[in-house]
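**Student:** Encoded as structure tokens, here's the structure I'll be asking about.
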Amino acid sequence: MKFLFDMFPVICFFSVYWFSDIYIATAAAIVATLSQVAWLKLRRRRVEPMLWASLAIIVVFGGLTLMLRDRMFIMWKPTVLYWLFAVVLGVSAASFGKNLIRAMMFKEVTLPDAVWARLNWSWVAFFVAMGVVNLAVAYNFSEAAWVQFKLFGGLGLMLLFVVAQAFFLARHMEEGKEKGKP
25 MKFLFDMFPV ICFFSVYWFS DIYIATAAAI VATLSQVAWL KLRRRRVEPM LWASLAIIVV
85 FGGLTLMLRD RMFIMWKPTV LYWLFAVVLG VSAASFGKNL IRAMMFKEVT LPDAVWARLN
145 WSWVAFFVAM GVVNLAVAYN FSEAAWVQFK LFGGLGLMLL FVVAQAFFLA RHMEEGKEKG
205 KP
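Reminder that position 94 of the sequence shown reads as 118 in the numbering used here, one-by-one numbering, no gaps.
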């Protein structure tokens with residue numbers, strides 16, 4: 025359910041796009057993201073920082089798209105979000121010694137510090153690459169191809185990366201078991 029809740033604005037954007045245009049789809053994504061925040065606030069639940077960041081970026085870039093009637097602003101939105109994630113993960117690790125990937129996963133997985141560091145930096149690299157790929161698709165393919173990439177390509181690449189990470193983690197968890205660790 026959380027995955028569907030998190031994907032709600034993207035699904036709204038994609039669905040509305042196929043029945044109208046990128047501008048109406050952008051407005052739908054803004055409304056969907058605002059609705060997510062409102063829903064959580066009404067239910068007295070915590071709004072995650074990632075959702076606040078996503079809301080700010082969709083309002084700014086979506087708003088510019090609608091006001092200036094320039095679709096490139098909304099096409100830049102995923103890149104800005106990906107690069108924001110990369111910066112947060114990278115700066116947290118390099119400047120503050122905080123590994124946010126570890127903070128999110130430490131209850132489920134026990135790994136050596138070096139493995140946590142590699143995992144964190146691999147996510148930084150992945151988010152940087154995703155931003156670059158998004159721009160490559162936005163500038164070199166049709167609008168419809170970009171919309172399809174935004175939903176299917178982005179999710180597909182994320183899924184492949186998560187599966188690769190699972191294999192990476194499994195190998196290190198096996199090593200831990202062999203050394204007598206739980």
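C-beta atoms are modelled at their ideal positions from N, C-alpha and C, and glycine is treated no differently.
Note that this is a predicted model, so its numbers are computed, not measured.
What separation, rounded to the nearest whole angstrom, lies between the Cα atoms of Gly204 and Ala194?
**Tutor:** Here the model assigns Gly204 a pLDDT of 45, short of 50, so the residue's position is not dependable, and the following value carries that caveat. Distance between the alpha carbons of Gly204 and Ala194 is about 15 Å.
**Student:** Please say whether Tyr41 and Val156 have beta carbons closer to each other than 8 Å?
**Tutor:** Taking the C-beta atoms as reference points, Tyr41 is found no nearer than 8 Å to Val156.
**Student:** Where does the unbroken alpha helix (DSSP H) through Asn123 begin, and where does it stop?
**Tutor:** Careful: Asn123 lies outside any alpha helix (DSSP H) and carries neither H nor E.
**Student:** What residue range is occupied by the uninterrupted alpha helix (DSSP H) comprising Ser146?
**Tutor:** 137-164
**Student:** Evaluate contact between the stretch 150-168 and the stretch 93-109, counting only Cβ atoms and requiring at least three cross-stretch pairs below 8 Å.
**Tutor:** By the Cβ criterion, the stretch 150-168 is in contact with the stretch 93-109, since at least three pairs of Cβ atoms, one from each stretch, lie closer than 8 Å.
**Student:** Mapping the DSSP letters down to three states, classify Leu167 as helix, strand or coil.
**Tutor:** Per the sequence presented here, residue 167 reads as Glu, with Leu not at that position. Correct three-state label for Glu167: helix.
**Student:** Are the CB atoms of Ile125 and Trp107 nearer to each other than 8 Å?
**Tutor:** no
**Student:** So Leu79 is in the alpha helix (DSSP H); what residue range does that whole segment cover?
**Tutor:** 73-92
**Student:** Using a Cβ-Cβ cutoff of less than 6 Å, which residues in the same chain neighbour Pro33 once the five nearest sequence positions on both sides are dropped?
**Tutor:** Ala53, Ala56, Thr57
**Student:** Are the Cβ atoms of Ala168 and Val161 separated by less than 8 Å?
**Tutor:** no
**Student:** Does the beta-carbon of Val148 have 16 or more other beta-carbons within 10 angstroms, so that it is buried, or is it exposed?
**Tutor:** buried
**Student:** Return yes when the Cβ of Leu113 is within less than 8 Å of the Cβ of Asn144, no when it is not.
**Tutor:** yes
**Student:** Is it buried or exposed, Ser78, if we count other Cβ atoms within 10 angstroms and call 16 or more buried?
**Tutor:** Ser78 comes out buried.
**Student:** From Phe38, Leu28, Lys26, pick the residue whose C-alpha is nearest to that of Gly177; which is it?
**Tutor:** Phe38
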